[in-house]
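Here the structure is laid out as structure tokens; the discussion comes afterwards.
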Amino acid sequence: MKKNRLLAKWLDNDLSEAELVEFRASPDFEKYQKIKAYTDHLEVDDLDENAMLFNILKQEKKPVKVVPLYKKWIFQAVAVLVLALGITYALKVLVAQTETANFGEKTMFLLPDNSEVVLNSGSEIQYKKWNWDNNRRLELKGEAYFKVAKGRRFEVQTSLGKVSVLGTQFNVKTRKNRFDVVCYEGRVKVNYSNFQILLTHGQGVSFENGKQVKMLINSARPEWIDNQISFSRENIRTLLDEVERQYNIEVELKAKDTVSLFTGKLPSKDLDVALQIISTTYHLEAKKVSKDKIIFEEK
Numbered sequence: 000m001k002k003n004r005l006l007a008k009w010l011d012n013d014l015s016e017a018e019l020v021e022f023r024a025s026p027d028f029e030k031y032q033k034i035k036a037y038t039d040h041l042e043v044d045d046l047d048e049n050a051m052l053f054n055i056l057k058q059e060k061k062p063v064k065v066v067p068l069y070k071k072w073i074f075q076a077v078a079v080l081v082l083a084l085g086i087t088y089a090l091k092v093l094v095a096q097t098e099t100a101n102f103g104e105k106t107m108f109l110l111p112d113n114s115e116v117v118l119n120s121g122s123e124i125q126y127k128k129w130n131w132d133n134n135r136r137l138e139l140k141g142e143a144y145f146k147v148a149k150g151r152r153f154e155v156q157t158s159l160g161k162v163s164v165l166g167t168q169f170n171v172k173t174r175k176n177r178f179d180v181v182c183y184e185g186r187v188k189v190n191y192s193n194f195q196i197l198l199t200h201g202q203g204v205s206f207e208n209g210k211q212v213k214m215l216i217n218s219a220r221p222e223w224i225d226n227q228i229s230f231s232r233e234n235i236r237t238l239l240d241e242v243e244r245q246y247n248i249e250v251e252l253k254a255k256d257t258v259s260l261f262t263g264k265l266p267s268k269d270l271d272v273a274l275q276i277i278s279t280t281y282h283l284e285a286k287k288v289s290k291d292k293i294i295f296e297e298k
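To convert, note that position 14 of the sequence shown is 13 in numbering that gives the first Met the number 0; the numbers rise steadily by one, no gaps.
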């Protein structure tokens, strides 16, 4: 402490003769002298307090922005709306789209590339809009007619087989164990189990329980689009299933199943005529027990 006191008095030139002799005898005196000699050359400007205050006052005062609470609420609402719209768009694009035709109805719609699809009664299609032009693939349950826009490969996947085309018109039908494909324009490739077959204009093929039957088609498009149900070598139960589907009714068969196979057409917009054709073909009697139920019995 005494050493610090002497140093302070020395810096102020306030040492007595005795204290000065004592301080000079200190081992650090030479170092103190060098420091003092250096600081004596430093100059510090006087602090101009008035100038400092003037500079502070002349600076532009920026107003503090205050956002009212109602505006904050609006911003939040807009943000939520934008987020909701983004999620909605993503769902529409990324999630599989479903198109259906209920019993007694037909549905027509366009795919993202403007390919046309007509769904027959009791049918369903699923597809994704995302990257459609590079991945034109859909899944079909039931029956549909396609007019495919030209582009990359177009695939129809069913539970029984797959159809691949580039740009053409064709019909695909799956009912229980039966898989039918008909080409109306261009070419289609059909894959069924271990079979692969190429169809051209006017050709068709039917697969059922591993058996293949080829068909020749004279019409320009499927008869069901013009309200005619076409059958080729099909049994009575298949006929009645299709009548139920087209007319949205229930049909009960109280007779032994006949082995006779039906080839021909039934109207899909005139139930009385359809019932008369079936009754005549299989020697049955059709009874309407209610508006939505028909019973076939042996005569």
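Backbone N, C-alpha and C define an ideal beta-carbon position, used for all residues, glycine too.
Fair warning: this is a prediction, and the values are worked out from it, not measured in the lab.
(request) Answer yes or no: does any C-beta atom of chain B fall closer than 9 Å to that of Ile228? (result) In the structure shown, chain B cannot be found, because there is only a single protein chain.
(request) Please classify Phe194: is it buried, with 16 or more other beta-carbons within 10 angstroms of its beta-carbon, or exposed? (result) exposed
(request) Evaluate the contact criterion for the region 138 to 149 versus the region 162 to 178: three or more CB pairs, one atom per stretch, below 8 Å. (result) yes
(message) Restricting to Cα atoms, I'd like to know which of Asp112, Ile277, Asn130 and Asn190 is closest to Ser158.
(response) Asn190
(request) Return the residue from the list Asp112, Asn119, Glu297 and Ser120 that minimises the CA-CA distance to Lys127. (result) Asp112
(message) According to DSSP, is Ala100 part of a helix, a strand, or is it coil?
(response) strand
(message) Just to confirm the assignment: which complete beta strand (DSSP E) runs, minimum length 3, are found wholly within the region 149 to 230?
(response) 153 to 156, 161 to 164, 168 to 174, 177 to 184, 186 to 191, 194 to 199, 202 to 207 and 210 to 215
(message) Taking the alpha carbon of Asn250 as the reference point, which residue from Ile124, Lys105, Leu270 and Val258 has its own alpha carbon closest?
(response) The displayed chain sequence assigns Val, not Asn, to residue 250. Checking every option, the nearest Cα to that of Val250 belongs to Leu270.
(message) Given this structure, state the Cα-to-Cα distance separating Gln165 from Glu241, to the nearest angstrom.
(response) First, the amino acid is wrong: residue 165 is Leu here, not Gln. C-alpha separation (whole angstroms): 30 Å.
(request) Can you have a look at Arg236 and say buried or exposed, based on whether 16 or more other CB atoms are within 10 angstroms of its CB? (result) exposed
(request) Answer yes if the region 143 to 153 comes into contact with the region 113 to 121, meaning at least three C-beta pairs across the two stretches below 8 Å, and no otherwise. (result) yes
(request) Please classify Ser259: is it buried, with 16 or more other beta-carbons within 10 angstroms of its beta-carbon, or exposed? (result) exposed
(message) Quick test of your reading: Asn133 and Arg151, contact by CB under 8 Å. State the CB separation rounded to the nearest angstrom.
(response) 6 Å
(request) Taking only the alpha-carbon atoms, compute the straight-line gap between Asn217 and Ile124 and give it to the nearest angstrom. (result) 27 Å
(request) Return the chain-ordered list of same chain residues with a C-beta closer than 6 Å to the C-beta of Ser229, the five sequence neighbours on each side being excluded. (result) Glu222 and Lys264
(request) Return the residue from the list Asp179, Val162 and Thr99 that minimises the CA-CA distance to Lys213. (result) Asp179
(message) Quick check: what's the CA-CA separation for Glu243 versus Val181?
(response) 23 Å
(request) Quick one: residues in its chain with C-beta nearer than 6 Å to the C-beta of Gly185, no 5 flanking neighbours on either side, listed in chain order? (result) Thr167
(request) Locate the beta strand (DSSP E) running through Val117, then write down its first and last residues. (result) Glu115 to Leu118
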